[in-house]
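Taking it in order: structure first as structure tokens, then the write-up.
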Amino acid sequence: MSAVHCQLWMGSLEPYMTEMFIMEAFRKMGEKPLTVRIMKNKYSGENAGYCFVNFLTDDAALDAMHKLNGKPIPGTSPVARFRLNSASNSYKAAGNEREFSVWVGDLSSDVDDYSLYKVFSSKYTSIKTAKVIIDNSGFSKGYGFVRFGIEEEQKNALWEMNGYLGLGTKPIKICNAVPKPKGEMDPTSSISNTYGYAPSTTNQHTDSSNQYSYDSNYWQGYNAWQNYTNREIRRPIINSKVSSKPIRIHRL
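Offset between the sequence shown (1-based) and my numbering: plus 1104.
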């Protein structure tokens, strides 16, 4: 397995965060990274605000990503949070890989990225990422997104997981999630200009938080969720019969 598949991208680094500091932060959270490499600004030589964290296996990297994403980083003041993404996804995104995602609603407050990921990955083999959307205070907004690598599995999940009990304390709701058209993004937004996306306030299933913003040269994995909207799915009517008799209209 190539190194990139065992590697996480970590963003929103503060200038004081060294490679040793980040390594120790992961260890305090129970993870075992092999190496940390902070990227430098090629002109100033200063911390570029992101790094790559290597693990022994792909599973170890993915587990760490889903366990820690959005959680406070030990030793930070004011509190900073882990901003993690699979490094392999940054390379795939460059090729305009198709995305198959679902919106997951009615999540109870105890559901985090990791529990959402574990439930779906236990049933579907192609799960790429799972994300619970949180507000600026770090609390769940009650919904999230799950991305699949196989369209058939995503379609199956729309029916099989709707009303599912066993994730948190409430039955969950599922519907299709699609990337928002680029034309709907505000080109004048400072966030859009910096990070390549614009948050939407026109749909209740899109998120306006910019917590997962990071360098535009790398995949905006968790920012990508900000550009998603839900598309309601209705079951097709099967074996429905249409009467061939003419309709009589009575004038009053």
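Backbone N, C-alpha and C fix where the C-beta goes; we use that ideal spot for every residue, glycine too.
Does the pairing of the stretch 1171–1182 with the stretch 1138–1146 give three or more beta-carbon distances under 8 Å?
Here the stretch 1171–1182 does not lie against the stretch 1138–1146, with fewer than 3 beta-carbon pairs under 8 Å apart.
Classification of T1229 by the beta-carbon crowding that lies within 10 angstroms, buried from 16 upward:
Within the sequence shown, numbered from 1, the residue matching residue 1229 stands at position 125. An exposed status is given to T1229, since fewer than 16 other beta-carbon atoms sit within 10 Å of its beta-carbon.
In this structure, how does DSSP classify A1152 when only helix, strand and coil are distinguished?
Position 48 of the sequence shown, counted from the start, is the residue given in the question as residue 1152. Of the three classes helix, strand and coil, the one that applies to A1152 here is strand, per DSSP.
Selection from L1262, S1190, P1275 and L1117 that minimises the alpha carbon distance to A1184
Here the question's residue 1184 lines up with position 80 in the sequence shown. Of the listed residues, the one whose Cα sits closest to A1184 is L1117.
Within 10 Å of its beta-carbon, does S1205 have 16 or more other beta-carbons around it, so buried, or fewer, so exposed?
By one-based count along the sequence shown, residue 1205 stands at place 101. When all chains shown are included, S1205 counts as buried.
With DSSP as the reference, label L1160 as helix, strand or coil.
Within the sequence shown, the letter at position 56 stands for residue 1160. Shown here, L1160 sits in coil according to DSSP, grouped into three states, outside any helix or strand.
Going by the beta-carbon positions, is the gap between F1130 and A1168 smaller than 8 Å?
Counting from 1 along the sequence shown, the entry for residue 1130 is found at position 26. Counting from 1 along the sequence shown, the entry for residue 1168 is found at position 64. Yes, these two residues count as a Cβ contact at 8 Å.
Between which two residues does the alpha helix (DSSP H) harbouring N1260 extend?
Working through the sequence shown from its first residue, we reach residue 1260 at position 156. In the DSSP assignment, N1260 falls within the alpha helix (DSSP H) that extends over E1255 to E1264.
Excluding five sequence neighbours on each side, which residues of the same chain lie with their C-beta closer than 6 Å to the C-beta of G1246?
Counted from its first residue, the sequence shown places residue 1246 at position 142. So the qualifying residues of the chain are L1211.
Checking 8 Å against the spacing of the C-beta atoms, do G1248 and L1220 come in under that value?
Within the sequence shown, residue 1248 is the residue found at index 144, counting from 1. Within the sequence shown, residue 1220 is the residue found at index 116, counting from 1. Taking 8 Å as the Cβ cut-off, G1248 and L1220 qualify as a contacting pair.
Spell out the partners DSSP gives K1277 in its beta bridges.
What you label residue 1277 is simply residue 173 of the sequence shown in a count that begins at 1. For K1277, which the question treats as bridged, DSSP gives the partners G1209.
Tell me the residue span of the beta strand (DSSP E) that contains L1112.
In the sequence shown, the residue the question calls residue 1112 occupies position 8. Here the beta strand (DSSP E) through L1112 covers Q1111 to M1114.
Which same chain residues, not among the five before or five after V1157, have their C-beta less than 6 Å away from its C-beta?
Translated into the one-based positions of the sequence shown, residue 1157 becomes position 53. In the same chain as V1157, and ignoring 5 residues on each side of it, the C-beta atoms closer than 6 Å to its own belong to L1112, M1114, P1137 and V1140, in chain order.
Determine the DSSP secondary structure at R1131, reduced to helix, strand or coil.
Within the sequence shown, residue 1131 is the residue found at index 27, counting from 1. Of the three classes helix, strand and coil, the one that applies to R1131 here is helix, per DSSP.
Taking only three categories from DSSP, how would you classify A1234?
Numbered from its first residue, the sequence shown carries residue 1234 at position 130. Strand.
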